[in-house]
Amino acid sequence: MLRFPSTLSQMEKPIVSCSNIFTYSHSPPKLPLSSYIDINNPFHCLESCQSPRELKQLHALTLKTRPLQTQLISSKILSFLIPFSSPESVTYARELVNHLKPPYLQLHFYNSLIQALTNSSQAIALYGEMITKCIYPDTYTIPYVLKSCAQSHALEEGQQIHAHSIKFGLSSNVYVLNTLMRLYAVCGFTHSVKKLFDGSPERDLVSWTTLIQAFVKMGFAKEAIQAYFDMCRANLRPDKRTLVVILSACSRLGDLSLGTRIHENICDIHDIYSDVFVGNALVDMYMKCGDADSARKLFDKMPVKNVVSWNSMISGLVQQGQFKEALHVFHDMQRIGLRPDSVTLVAVLNACSNLGKLELGKWVHAYIDKNQIKADGFVGNALVDMYAKCGSAEQAFGVFQGMECKDVFSYTAMIVGFAMNGEAERALDIFAEMPMVGTKPDEVTFVGVLSACSHAGMVEEGWKHFEDMSRVYNLEPQTEHYGCMVDLLGRAGLISEAEVFIANMPIEPDAFVWGALLGACSIHGKVELGEAIMKKLVAIEPVRDGAYILMSNIYSSANRWKDALKLRKAMKERKMKKTPGCSLIEINGVVHEFRKGDKSHPRNEELRKVLGEMAIHLQNHGQFPTSNFIT
DNA sequence: CAAGCTGAGA
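1 is the number of the first residue of the first sequence in UniProt numbering; add one for each residue after it.
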């Protein structure tokens, strides 16, 4: 006998008075209950039930009037409930299934319920109960439950179900194949996906799409493209979903010509502008391949745009270093009244970091608080980075402390942030916390750590961390790390140590490393060594101006004006232009940009007067600017 | 008896 305590108490009340479930709309209201019920067939009232409560009343009533038919009744009610997918009806149905026994308990009840529960992690448990009751899966059960496994990354359960699919002879079904492939794809087992695909007698477009997707997800973009061509060769035409996946492979490869080719193909086959997913994938592809103009053109032509379309534009521009343009697009987005989501805000914060737009960054922070967006993960990390790069290490630290789940990126942002703002000690304190919370530093973290040591002149400490990289953390130092070490040694005046260090490098020193040593020569006035490094640097990257400038500064400080002039001339002959020195400051929301030699600022005269006074003030206190202070 | 698998942006 079923027990539904709340329902029973409901049932004791006069049911007629509380609803119209047993009546038809034209029925007179106040007749006794018995006159509405067809005693021979109480189930024909089912369709008039309008709420779970009414259904429970009918259920209770039928159980009372027909105590010998509880199983039949429950299964009838269940059949009626199945098409409704509201949470209440699912809960009720799940309870009914618990009490049913074969032959009333049918496979399709489980199938429907498992499907309805795919998002709730109960699907797997229900599948287990089904097996316990000796009801065995068919080609519908397996895909539903596997979908749930894939969603919750339940690899072990998924593998057991994989075994079931073989045991019950279902593994040649293409839906079973596709969902199995999906399971292994989300768990990162690309090899298993490929093996399943290759071993299957039947594949459809979904199988190909899933295979390509698996390759893309794990960064095998070339294999993804290869599979795409294989698919075309097998005479299958891509659909919208395949195209989205293959376009993202082009994005990752940065292969503009392939991406453009696929774009042209799409125009032949589909009306692409009707699908916002394809449009977004195209915008993203053009952006990641460096063609911002084509991306913009496509974006403008899209008849339907959503927040992802805007985000693709904004983050694409940020990635290309077009920060001001990115903020322009963001303001357009606000003008049309589209609400930014966390992805938008991350991109905007990134632009703020690079432009020093502290005010806008603060606005984003306020927006995040006001809209109860969690300042965790990407958003939290972007906030920390923004405050740090805008010079507010304290506020960066505030956000950092408030974050519930800090990952490597959070720690790295904070360490680099403190290092950049001259707080080497605090940077190293944060670094020391990492082992305590079990977060493993990565290569970038060490760039922060080493540069902190470098700026604070902590030679010993720097050496220790550099050695720990490979010894403790199993990280191979890259040229950036060698560059930091050269910088650390060089700044501290240990130039010959730095030279030995470079000579012993296991990898080829690049411009970054030689540049650091040249910088040290510039600080310590080492002309001959500088000249030797200069030659190497020009050989590695002849178009960059940095080496020329540094070297010419070395000549100038050694009063070798002729040599300095010669270098400047050589630059002119090679048509190299010096990248002008540039600084930004934001006051009351307006960014003021100053380039070397630029006199265009409206308050230029005043600024120069103040700078002159500051120079005199500094000199009176024994500080002498090393180069032209006023330019 | 009813039903399924695959898509975008940090």
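Cβ atoms here follow ideal geometry from the backbone N, Cα and C, with glycine treated the same way. Predicted model only: the values in this text are computed from it and were never measured.
### Message
Using only CA atoms, which one of N311, E433, G316 and V276 lies nearest to D293?
### Response
G316
### Task
Determine the contact status of L117 and V90, defining contact as a CB-CB distance below 8 Å.
yes
### Query
So, helix, strand or coil for E404, using DSSP?
coil
### Query
Distance, Cα to Cα, A150 vs L183?
5 Å
### Task
Report buried or exposed for W561, applying the criterion of at least 16 other Cβ atoms within 10 angstroms of its Cβ.
exposed
### Query
Who are the Cβ neighbours of R241 in its own chain at under 6 Å, not counting the five residues just before and after it?
T209
### Message
Which residue wins for smallest C-alpha separation from G422, given the options E394, F400, M436 and F409?
### Response
E394
### Query
Does the Cβ of N178 have 16 or more other Cβ atoms within 10 Å, making it buried, or fewer, making it exposed?
buried
### Task
Kindly list the residues whose CB is nearer than 7 Å to the CB of L81, restricted to its own chain and excluding five residues on each side of it in sequence; keep chain order.
S89, Y92 and A93
### Message
Check for me: the alpha helix (DSSP H) holding L349 runs from which residue to which?
### Response
S342 to L355
### Task
Kindly indicate the opening and closing residues of the alpha helix (DSSP H) around K217.
L205 to K217
#### Entry: Nonlocal neighbours in the same chain, by C-beta distance under 8 Å from L78, ignoring five residues either side
A93, L96, V97, L100 and F109
### Under 8 Å between C-beta atoms of G361 and Y387
yes
### Task
Helix, strand or coil for G169, going by three-state DSSP, please let me know.
coil
### Task
Let me know if G432 comes out buried or exposed under the rule of 16 or more other beta-carbons within 10 Å of its beta-carbon.
The sequence given here has Ala at residue 432, not Gly. With fewer than 16 other Cβ atoms within 10 Å, it is exposed.
### Message
Using CA atoms only, rank isn't needed, just tell me which of M285, V472, L611 and A456 is closest to E443.
### Response
V472
### Message
At the level of alpha carbons, what is the spacing between T260 and D291?
### Response
10 Å
### Start and end residues, alpha helix (DSSP H) containing P143
T141 to Q151
### Query
Where does the unbroken alpha helix (DSSP H) through A116 begin, and where does it stop?
L107 to A116
#### Entry: Three CB pairs or more closer than 8 Å across the region 499–506 and the region 533–545
no
### Boundaries (first-last residue) of the alpha helix (DSSP H) holding S392
Note, S392: premise wrong, no alpha helix (DSSP H); not H, not E.
### Message
Please report the distance separating the alpha-carbon of P28 from that of S74.
### Response
Bear in mind that a pLDDT of 38 at P28, under 50, signals an unreliable position, so the number given afterwards is only what the model happens to contain. Rounded to whole angstroms, P28 to S74 spans 29 Å at the Cα level.
### Message
Three Cβ pairs or more, each shorter than 8 Å: is that satisfied between the region 410–422 and the region 440–455?
### Response
yes
### Task
Kindly provide the ranges of any alpha helix (DSSP H) runs that are 4 or more residues long and lie completely inside the region 494–576, ordered along the chain.
495–503, 511–524, 527–540, 546–557 and 561–573
### Message
Closer than 8 Å is the cut-off here; do at least three beta carbon pairs connect the region 197–217 with the region 225–233?
### Response
yes
### Query
Is I198 helix, strand or coil when you go by DSSP?
For the record, residue 198 in the displayed sequence is Asp; it is not Ile. Three-state result, D198: helix.
### Message
What does the Cβ neighbour count give for E404, buried or exposed, with the cut at 16 atoms within 10 Å?
### Response
exposed
#### Entry: Pairwise C-alpha distance: H621 and M614
11 Å
#### Entry: Residue range of the unbroken alpha helix (DSSP H) whose run includes D293
A292 to K301
### Query
Can K217 and G254 be called in contact, C-beta distance under 8 Å?
no
### Query
To the nearest whole angstrom, what separates the beta carbons of A570 and L537, a pair I think is in contact under 8 Å?
Actually they are not in contact, since the Cβ atoms of A570 and L537 sit about 13 Å apart, beyond 8 Å.
### Under the three-state DSSP convention, the category A427 falls into
helix
### Task
Give the secondary structure of T439 by DSSP, where H, G and I count as helix, E and B as strand, and everything else as coil.
coil
### Query
Alpha carbon to alpha carbon, what distance is there between F409 and L205?
38 Å
### Message
Applying the 10 Å Cβ sphere with the 16-neighbour rule, what's the burial state of S522?
### Response
buried
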